[in-house]
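Residue numbers (the numbering used here), protein chains in the order written: chain X, 11 to 232; chain C, 11 to 232. All residues carry an ideal CB built from backbone N, CA and C; glycine is no exception.
2 protein chains.
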Amino acid sequence: MSDKGNQTPGPAFDDAFGQEFVKLLQWRRDVRHFKRDPLPSELVEELLALTDLSPSVGNSQPWRFVMIEEPSLRSAIYEDFKCANSEALNGYKGDKAALYANLKLSGLDDAPVHIAVYCDEAPAQGRGLGRQTMPETLRYSVVSAIHTLWLAARTRGVGLGWVSILHPDKLQSLIQVPDNWSFVAYLCLGYPTVESDTPELQQVGWQERTPWQTRVYKNKVS
Amino acid sequence: MSDKGNQTPGPAFDDAFGQEFVKLLQWRRDVRHFKRDPLPSELVEELLALTDLSPSVGNSQPWRFVMIEEPSLRSAIYEDFKCANSEALNGYKGDKAALYANLKLSGLDDAPVHIAVYCDEAPAQGRGLGRQTMPETLRYSVVSAIHTLWLAARTRGVGLGWVSILHPDKLQSLIQVPDNWSFVAYLCLGYPTVESDTPELQQVGWQERTPWQTRVYKNKVS
């Protein structure tokens, strides 16, 4: 069976859209300060449906979203975050440690929607195409989906925070998933308490940005 | 130093933008059929500057873009693709093999812009924040950047194709980069010869899509 769908000419995105899209990238943010207001379930469903339009290696769509709603499960995950964050704090000294200790690095306490995101390492869909020499492209496809969700959420006024200060082994013991799924990310979603076009780590003086040109090279890097 | 940037209220993205953004996701596509027309260098620079707005763990911005322009280098990479693609073909039998053999899985022959994308596994920026327990989030940050580039390109009428049918070891011998950089992706950019809202693998009958709801669960997967 073939399914051509809609073809040329595709939509021409005009300058006004292009400029708004730049604003979307500029105001995206990793959000850690959330209002406790719930998100409408139809909005969450709309966002997950849009996320499913993401690119994936061989069209394998290996992303798996586990909505974490049980309070006891959320508490156990929050405890693991506090443990991992305390370990990380021990790696800094002096002023940097003091600054780190004051950073708010997750919205696990307030965000109304929590999603554990996995990669199915052996999806039937796609029939293995494109990932024989680089199987990690399955996990990379899941990351593209997370980024789609991030941007789609922002277009609807919803913030997303990616919590990576967790022990994947601990989460594996807390959340029941098939053996061939690997943990990719834990996400918080909700309405942000504050919006900004500047990363919070930059706002609080953790670091400054450097020009994009310093990350681009030609033919080789010597 | 603190740098608050612009803060609340951020831009409210209206319904018209939201609908156009959905179209952007629907018409994004992994492109393998390119016109040979060059891309204006200022357009490529604009896209790379936008890409730099991507999220990254601890704001580490670990993406490194190596523009591959030397014809001999491009030829060697194309040869590696043909080799890896031939190996992959051997993994399919019968009708599937015949179908695979007819798929065009890269635009390496025609795309005017080639970019090898790497992850700096030890970036100074970000000071290690957020990646102690999950160092793979550095590579995941690079993937988010690639996805930003993909969408930004599409807003400007430019197509992107991600070539993953390559031997990373071979590329390591061909492209000179620091030892602590890992290869993430090889990208082709250019104007597409055809546009569609339907993945090419679906168009040619390689597979069909399944509903997004089949990839969403609650609390556990049993």
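Would you give the residue range spanned by the beta strand (DSSP E) that residue i belongs to?
i: Tyr227 (chain C); result: Val226 to Lys228
i: Leu170 (chain X); result: Gly169 to Val173
i: Ile125 (chain C); result: Val123 to Asp130
i: Arg74 (chain X); result: Trp73 to Met77
Counting only beta-carbon atoms, is residue i nearer than 8 Å to chain X?
i: Pro122 (chain C); result: no
i: Val41 (chain C); result: no
i: Val204 (chain C); result: yes
i: Pro21 (chain C); result: yes
i: Leu34 (chain C); result: yes
i: Met11 (chain C); result: Reliability fails at Met11 (chain C), whose pLDDT of 46 lies under 50, so the model's placement of it is uncertain and the value that follows must be treated cautiously. Met11 (chain C) counts as touching chain X.
i: Glu131 (chain C); result: no
i: Pro81 (chain C); result: no
i: Pro65 (chain C); result: yes
i: Val127 (chain C); result: no
i: Leu49 (chain C); result: no
i: Asp62 (chain C); result: yes
i: Ala108 (chain C); result: no
Taking Cβ-Cβ distances shorter than 9 Å, what residues in chain C pair up with residue i?
i: Phe44 (chain X); result: Under the 9 Å cutoff, chain C gives no residues; its nearest Cβ is about 14 Å from Phe44 (chain X).
i: Ile185 (chain X); result: Asn229, Lys230 and Val231
When you compare each of the options to residue i by their alpha carbons, which one comes out closest?
i: Pro145 (chain C); options: X:Ala98, X:Ser154, X:Pro188 and X:Thr165; result: X:Ala98
i: Ala163 (chain C); options: C:Asp47, C:Val54 and C:Glu30; result: C:Val54
i: Pro178 (chain C); options: X:Thr147, X:His157 and X:Ala126; result: X:Thr147
i: Gly171 (chain X); options: C:Val152, C:Lys114, C:Val67 and C:Gly20; result: C:Val67
i: Ile78 (chain C); options: C:Val168, C:Ala126 and C:Gly167; result: C:Ala126
i: Asp90 (chain C); options: C:Gln135, C:Ser206 and C:Ile175; result: C:Ile175
i: Thr203 (chain X); options: X:Asn100, X:Gly28 and X:His43; result: X:His43
i: Tyr227 (chain C); options: X:Asn229, X:Gln186, X:Thr208 and X:Tyr227; result: X:Gln186
Can you name the residues of chain X whose CB is closer than 7 Å to the CB of residue i?
i: Ser154 (chain C); result: Val153 and His157
i: Val59 (chain C); result: Rather than Val, the amino acid found at residue 59 (chain C) in this sequence is Ala. Per Cβ cutoff of 7 Å: Trp222.
Can you list, in chain order, the residues of its chain whose CB lies under 8 Å from that of residue i, leaving out five sequence neighbours each side?
i: Trp191 (chain X); result: Arg74, Tyr128, Cys129, Asp130 and Glu131
i: Met11 (chain C); result: Since pLDDT at Met11 (chain C) reaches only 46, below the 50 mark, its modelled position is unreliable, and no value is offered.
i: Gln212 (chain C); result: Glu218 and Arg219
Using a Cβ-Cβ cut-off of 6 Å (strictly less than) and excluding sequence neighbours within five positions of residue i, which residues of its own chain qualify?
i: Leu184 (chain X); result: Ala86
Taking 7 Å as the limit between beta carbons, can you name the residues of its chain near residue i, skipping five residues before and five after?
i: Gln182 (chain C); result: Phe193
Using a Cβ-Cβ cut-off of 8 Å, state whether residue i counts as contacting chain C.
i: Ile78 (chain X); result: yes
i: Gln182 (chain X); result: no
i: Leu199 (chain X); result: no
i: Asp189 (chain X); result: no
i: Asp105 (chain X); result: no
i: Ile87 (chain X); result: no
i: Met94 (chain X); result: The question names Met, but residue 94 (chain X) in the sequence shown is Ala. By this cut-off, Ala94 (chain X) is an interface position.
Give the residues of chain C in contact with residue i, contact being defined as C-beta atoms less than 7 Å apart.
i: Tyr150 (chain X); result: Val153
The alpha helix (DSSP H) spanning residue i covers which residue range?
i: Trp216 (chain X); result: Careful: Trp216 (chain X) lies outside any alpha helix (DSSP H) and carries neither H nor E.
i: Ser192 (chain X); result: Ser192 (chain X) -> not in any alpha helix (DSSP H); beta strand (DSSP E) instead, spanning Trp191 to Gly200.
i: Thr143 (chain X); result: Unbroken run through Thr143 (chain X): none, as it is neither H nor E.
i: Gly104 (chain X); result: Gly104 to Asn112
i: Gln36 (chain C); result: Asp25 to Gln36
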